[in-house]
Amino acid sequence: MSQDPQDRKQPPAAFSPEDMARRNRRSVALALVLGGLVLFFFIVTLAKTGPAILNRPL
Amino acid sequence: MSAAFDQITQADDGVALSSTGEARDFFALLKPRVMFLVIVTALGGMVAAPGTVNPVIGFAALLAISVGAGASGCLNMWWDADIDAVMARTAGRPIPAGRILPSEALAFGLTLSIGSVLVLGLVANLLSAAMLAFTIFFYAVVYSMWLKRATPQNIVIGGAAGAFPPMIGEAVVTGDFGLTSIVLFAIIFLWTPPHFWALALVKSGDYARAGIPMLPNVAGPAATRRQIVAYTLVLTPVAVLPALMGFGGLIYLVVSVVTGLAMIGLSLRVLKVTEGEPANKAAYALFGFSILYLFLLFAVLLAENGLGLMWALPKVQG
């Protein structure tokens, strides 16, 4: 941990195309997880509510 | 400490806000192999419990329990990144290898911890959610932050964290926990020391470099070998109890006795073979078989209680 403190003030290096591709893949994975969570909560809500979900006064 | 680890922590202070880690790096933070065992053991607790649960709710609860277990593994990797970096076995993990920032791992672990507890509370019940929260706390704080670097009994006491999932599984089904899951807890709790100490015998150099007071480094290999045999001799009869108590059947009885005898045999070999490469092989054999042993016990419980393969033992006439 002997880095020159001045080095820390350097602006961040730009991401390489390969880094950007990795970040894009990560974003896609995050979107899939979020979509999966929406589906998960929908199905669990149906299961928790039970058959009565279709038997209610309109 | 690795150059990559230095670089990533320093960058965390002043420059980079996020890493270029991929989804598989975040998944690796969850310790997937441990998660798999947690799924098997929690499911074992659920199917052996006296009661039934809606399959969708059961699946959702199992998902929450496994994510909670993964979250505690993630927090463990965040806290232990410094020692992971100096151990050959763990230097390739996402944080010491520089693929994930420590701050990212902390945020990921905390988010999943809170999320999994909330989801379990909503889909199952408050008791199971509270037990999951306690399990995460026990593994991340009591074991990782306190016991691991403080005492050679670290994995004995810390083993409780790995033993809770069957109790959480039973709490999901019944809203309570009883003797069934307490016996399953005892099996995992007693299994943990011989399992980890077999690995620690081989990796004692790694643990010494990292300053972790594992039993072989503190009490010596001979004492560790005796403790391995002692724990195995207690574990194997306890592992037969499910058959005697009625929630394990004939297959479970046969499997638990045969694999239990193999565990005893392998632990005795660890005790007898103490020098050179054969000693490492004996320890590795026990370490590897112990995973199969625990998996088989719970897999048979699952098959008997969940798939209807239960052949009950004949009742003894009194």
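Quick note, the sequences are listed as chains A and B, same order.
If you read the first sequence in my numbering, its first letter stands for residue 1, the second for the next number, and so on.
If you read the second sequence in my numbering, its first letter stands for residue 1, the second for the next number, and so on.
Glycine included, every Cβ here is placed at the ideal spot set by N, Cα and C.
- Under the three-state reduction of DSSP, M310(B) is assigned to coil, being neither helix nor strand.
- Under the Cβ distance rule, L34(A) does not count among the residues neighbouring chain B, no pair being separated by less than 9 Å.
- For R24(B), the enclosing alpha helix (DSSP H) covers residues A23 to L29.
- A Cβ-Cβ distance of about 6 Å is found for the pair V123(B) and I57(B), placing them in contact under the 8 Å criterion.
- Membership of D176(B) in any alpha helix (DSSP H) is not indicated, and neither H nor E is assigned to it by DSSP.
- The beta carbon of V119(B) is closer than 6 Å to those of A64 in its chain, skipping five residues each way along the sequence.
- Chain-order list of chain B residues neighbouring A47(A): N54, V56 and I57, by C-beta distance under 7 Å.
- Within chain B, no residue has its beta carbon less than 9 Å from that of V38(A); the closest one is some 13 Å off.
- In the displayed model, D80(B) falls within coil according to three-state DSSP, outside both helix and strand.
- Short of 7 Å from the beta carbon of I39(B), and not among the five residues preceding or following it, lie these beta carbons of its own chain, in chain order: L62 and S66.
- A distance below 9 Å separates the beta carbons of A219(B) and P152(B).
- Rounded to the nearest whole angstrom, the CA to CA distance from L43(B) to R269(B) is 33 Å.
- Look at N125(B) here: in three-state DSSP terms it is coil, with no helix or strand label.
- Distance between I228(B) and L235(B), taken at the CA atoms: about 10 Å.
- Looking at A129(B), E170(B) and Y293(B), the one whose alpha-carbon comes closest to that of G51(B) is E170(B).
- In this structure, the beta-carbon distance from R93(B) to L29(B) falls below 9 Å.
- With contacts defined by Cβ atoms closer than 9 Å, M263(B) and F289(B) form a contacting pair.
- Excluding the 5 residues flanking it on each side, G68(B) has same chain C-beta neighbours closer than 6 Å at S116, L132 and I136, in chain order.
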